[in-house]
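All residue numbers for the sequence shown refer to the working numbering, where the first residue is 1 and numbers rise by one.
Ideal Cβ positions, reconstructed from N, Cα and C, are used throughout, including at glycine.
Just below is one structure, and these are the notes that go with it.
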Amino acid sequence: MHPDKDDPDVVGLETDTEEIVKLLLDPDTPRRRVVSIVGQGGLGKTTLAKKAYNSDKVKREFKIRVWLSISQQFELINVLSMMLEGIRSLDQDEKDLLKDPKSQPRAVKHFAQELNRLLKEERYLIIMDDVWTPDLWDQVHDVLPNTNKGSRVLVTTRISEIATKADSTSDPYNMRYLSEEESQELLLKHAFPFQDPKAYLDGLSDLPKKIARKCGNLPLALKVAGGSLSRKLPTYNSWHKILQKFSWHDGDGKNCTDILATSYEDTPAYLKPCFMYFALYPEDYVIEVKPLIRMWVSEGFIPEKSGTTMEETAEDYLEELVQRSMIQVVKRHLNGSIKYCRIHDLLRDLAIEKAKEINFLQIIANQGDTCCSSSTTVRRAALHCYREDIMSYTGPNLRSLVIFVDDTPIIDNFKNLKILSVINNYRFPTKKIPKKLTQLRYSFQIEVKSISHMRNLQTFDLHYSSYKELDCIWNIKTLRHIIISSYLRCLGPPPKTDFPNLQTLKTVRIRESWLVEGWPKMPNIRVLWLYDLPPNYKESFCNFLMEAPHLTSLHVWFSNEVLYERLDMSSFPSYDHMQSLLVEGKWNNYECIGGVKQYKALDVHSFPIHLIKLRISYCDFQEDPMPVIEKLKNLRKLILSGGQHCKKQLSCSARGFTRLEYLSLWNLECLEWKVEKGGMPLLKKISIFGCRNLVAIPELQHMTRLNKLYLSSVHENLRERLEGPESYKLQHITSIFISNK
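Okay, here's the thing in structure tokens:
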């Protein structure tokens with residue numbers, strides 16, 4: 001869960017937020033205190049907790065803030081490790097402890113001791129969202145130090161008993177239902193997300209009030225109902241038909257299942273399998289969107305349409321589910337597309353119910369789960385707990401298997417799998433993979449001995465692998481996405497043929513023979529990440545880019561011997577719409593004339609004009625690159641790293657970087673960084689690491705949007721000034737980390 005961003009469509013929680021913040025900051029209770037928010041599902045407990053968590057007052061007062069989403073089937077080791085990871089990164093020994101089930105008692109003891117050590121020195125706030133059992137508090141309360149620093153634990157739950165057990169000294173905060181006015185406002189916000197509803201209210205008569213009342217004044221039901229209405233004409237007849245479908249009695253707000261089910265039935269047929277697919281994921285799971293979309297494509301849910309890819313159509317489907325309030329956005333990419341999403345547990349229950357009705361999928365969530373009575377017809381399954389032999393739970397006709405556990409089941413008998421995905425941090429071992437997965441379309445984190453027989457493969461996604469037999473991948477003409485480790489041996493050139501479906505190729509090393517035998521034709525390539533591009537790249541590489549009109553993301557790591565001449569990207573057909581560019585290596589502003597390096601001035605046309613994200617590493621600029629880069633009007637993220645940038649000063653004007661939100665400076669040799677007052681007006685986060693000569697940074701107090709500052713391994717004098725006489729520059733920043741390590 002990413003709790004750092006509030007829901008923009010919240011209604012009626014201003015007073016509630018003030019009350020919760022007051023309880024969290026209460027100076028009369030110096031000892032650790034538990035604050036509980038209690039209410040039925042869909043009432044907005046998580047939303048209220050997020051608003052308190054993101055309050056500027058709370059951010060300033062609590063040095064440590066950790067958010068934990070607790071599922072019904074929680075494991076103590078996972079809760080403790082997530083809590084520690086919210087404070088600092090886990091080291092390799094700790095990650096190894098988590099991998100080994102036999103080490104669990106030792107791991108629990110280690111994480112508990114480490115958490116207690118870190119927390120007892122600071123004022124902390126721990127959010128435990130959606131707690132279902134009192135056992136959790138019994139197991140963690142001794143881990144959380146009960147000191148006089150004013151630390152707090154905020155628990156959200158549906159069960160009053162849990163709140164009472166966690167803190168018997170104060171009453172829980174009971175969530176209220178929205179008022180009629182607030183309910184109508186929230187309903188209309190979601191019914192008219194892009195329009196002013198006032199223009200339509202006269203024609204709708206009292207229907208908004210009646211529908212809001214049918215929703216029982218429950219925020220979740222109101223959002224889903226409003227999302228359904230947003231796809232209808234804003235006329236009396238169309239809204240009245242929706243009202244007639246609702247079966248609730250007026251004011252009955254104890255259960256919103258009927259509203260959710262009605263909205264599902266009103267969902268177009270093409271969205272229903274996409275929605276039911278969310279049932280595969282565990283409760284409160286934060287879902288990475290790109291793998292989800294690629295699975296939808298591999299399942300055959302997405303039709304081919306002229307002028308657009310199936311992945312783009314799938315993104316539209318997901319956005320429609322979001323507009324209908326059936327799916328929640330957790331985080332978006334800088335270009336606005338959805339990066340992570342989740343499903344509310346009540347809607348997940350609905351997805352599971354509807355999936356079971358048509359035998360759409362089987363979920364093996366608990367050790368006590370029994371076999372499905374119609375297991376021979378199960379086509380999709382999700383494994384949430386280890387089962388040695390899952391065939392008895394699914395049958396031999398399984399086509400899609402999504403695994404969320406580290407221990408791997410025996411799947412030798414599944415010869416007809418189309419989707420095999422392991423969604424965790426570790427690789428799926430080779431020994432239990434069927435030898436010939438000839439029907440496989442989607443492979444995620446599956447390390448196999450050979451892929452040459454997978455002639456239907458669409459997505460091959462394998463990170464952190466030692467697998468080396470990759471050249472045979474070019475025999476698979478159906479591939480749409482190739483995502484592999486950059487540390488593999490070089491990938492040989494493909495045969496002289498077109499790969500019209502290929503959209504993603506990352507992150508691969510290529511042999512120098514590509515330059516001799518020619519680059520493949522990939523007319524629909526969108527994402528291209530190449531590692532260790534060999535010498536004499538320019539002519540053949542540029543010819544390839546001239547035939548890649550749809551390229552949006554280009555990351556290139558050059559070898560050390562490339563020609564001293566920068567790319568002129570303004571001639572490429574993708575120049576106008578490329579969004580992300582990473583260049584690392586000797587990509588610079590020199591040209592070689594008569595064997596002598598001659599300086600060429602950097603200009604803004606060196607970069608695609610509409611870039612959103614830019615990273616330049618270990619490049620050799622004789623002049624400060626900032627006056628040129630700041631002219632990129634759409635740039636939102638900039639990373640400069642490596643010691644060969646301007647060695648004296650980086651200077652940004654008052655009119656530059658008008659949309660920049662994230663800036664990282666790593667291992668630069670510059671002495672000073674200046675920003676004129678008014679510059680970088682939208683900057684939110686600054687990260688500076690390893691700039692050991694840096695003695696001066698801008699007047700940060702003028703950057704009013706700045707809320708995160710990370711400084712590490714900078715000049716000692718700069719660190720001392722910022723922690724002492726110049727600390728006033730940082731007063732408005734809610735999250736600060738300064739270290740000399």
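Residue range of the unbroken beta strand (DSSP E) whose run includes residue i
| i | result |
| --- | --- |
| MET128 | 124-131 |
| HIS481 | 481-484 |
| GLU18 | Segment 14-25 is the alpha helix (DSSP H) holding GLU18; no beta strand (DSSP E) there. |
| GLU802 | This structure gives no information on residue 802, because the portion of the chain shown stretches from 1 to 741. |
| THR262 | Counting along the chain, THR262 falls outside any beta strand (DSSP E), though it belongs to the alpha helix (DSSP H) covering 257-265. |
Candidates the options: closest to residue i by CA position
| i | options | result |
| --- | --- | --- |
| ASN397 | ILE403, HIS384, VAL405, ILE419 | ILE419 |
| ASN826 | LEU722, LEU97, PHE414, MET522 | Lying before the first or after the last residue shown, residue 826 is absent from the chain, which here runs from 1 to 741. |
| LEU24 | GLU61, THR46, LYS45 | GLU61 |
| PHE278 | LYS210, GLN362, GLY203 | GLN362 |
| GLY395 | GLU299, GLY41, LEU417, VAL153 | LEU417 |
| LEU440 | THR552, ASP349, ARG721, MET295 | MET295 |
| ASP9 | SER103, ASP129, LYS189 | LYS189 |
| SER553 | GLU720, ARG705, ILE451, LEU334 | LEU334 |
| TRP519 | ASP498, GLN503, ARG526, GLU122 | ASP498 |
| LEU614 | PHE74, GLN622, ASP624, LEU632 | LEU632 |
Pairwise C-alpha distance: residue j and residue i
| i | j | result |
| --- | --- | --- |
| GLN445 | LEU84 | 26 Å |
| LEU178 | LYS198 | 21 Å |
| VAL714 | LEU671 | 10 Å |
| PRO429 | TRP132 | Low per-residue confidence applies at PRO429: pLDDT is 49, beneath 50, and the placement is therefore not dependable, though the value from the model is reported in the following sentence. Roughly 34 Å separates the two Cα atoms. |
| ARG455 | CYS472 | 11 Å |
| ILE686 | LEU638 | 10 Å |
| ASN425 | LYS241 | Confidence in ASN425 is poor, its pLDDT being 49 and thus under 50, which makes the residue's placement too unreliable to answer from. |
| ILE736 | LYS59 | 10 Å |
| ILE327 | ARG342 | 6 Å |
| SER306 | ASN524 | 13 Å |
| TYR124 | SER739 | 20 Å |
| LYS57 | ILE697 | 26 Å |
| LYS496 | LEU479 | 16 Å |
| ILE510 | TYR531 | 7 Å |
| LEU682 | ALA49 | 26 Å |
| PHE797 | CYS542 | Lying outside 1 to 741, the shown extent of the chain, residue 797 is not represented and no answer is given. |
| GLY300 | ALA269 | 14 Å |
| LYS245 | CYS256 | 14 Å |
| MET522 | MET569 | 18 Å |
Under 8 Å between C-beta atoms of residue i and residue j
| i | j | result |
| --- | --- | --- |
| SER205 | SER228 | no |
| TRP673 | LEU650 | yes |
| ASN634 | LEU611 | yes |
| LEU43 | PRO219 | yes |
| LEU749 | LEU346 | No answer is possible for residue 749: the residues shown for the chain start at 1 and end at 741. |
| VAL556 | LEU533 | yes |
| GLY656 | GLY690 | no |
| LYS51 | THR29 | no |
| GLY41 | ASN174 | no |
| ARG32 | VAL153 | yes |
| LEU271 | LYS223 | no |
| HIS384 | ILE364 | yes |
| TYR662 | GLN701 | no |
| GLU320 | ILE293 | no |
Where the alpha helix (DSSP H) through residue i begins and ends
| i | result |
| --- | --- |
| TYR531 | Element bounds for TYR531: not the alpha helix (DSSP H) but the beta strand (DSSP E), 527-533. |
| VAL58 | 56-61 |
| THR47 | 45-53 |
| THR29 | First-last for THR29: undefined, no H or E at that position. |
| ASP555 | Note on identity: in this sequence residue 555 is His, with Asp being the wrong assignment. Careful: HIS555 lies outside any alpha helix (DSSP H), inside the beta strand (DSSP E) at 553-558. |
Secondary structure of residue i, DSSP reduced to three states
| i | result |
| --- | --- |
| ILE87 | coil |
| CYS274 | helix |
| TYR340 | strand |
| ILE293 | helix |
| LYS210 | helix |
| ALA107 | helix |
| SER400 | strand |
| ASN174 | strand |
| LYS149 | coil |
| TRP67 | strand |
| ARG427 | With a pLDDT of only 48 at ARG427, under 50, the local geometry of the prediction cannot be trusted, and the value read off the model is given with reservation. ARG427: coil per DSSP, three-state reduction. |
| LEU318 | helix |
| GLY691 | The question names Gly, but residue 691 is Cys in the sequence shown. Correct three-state label for CYS691: coil. |
| LEU563 | Note that LEU563 scores a pLDDT of 43, beneath 50, so its modelled location is shaky and nothing firm can be said. |
CB contact below 8 Å: residue i versus chain B
| i | result |
| --- | --- |
| HIS715 | Although the question refers to chain B, the structure presented lacks it and comprises just one protein chain. |
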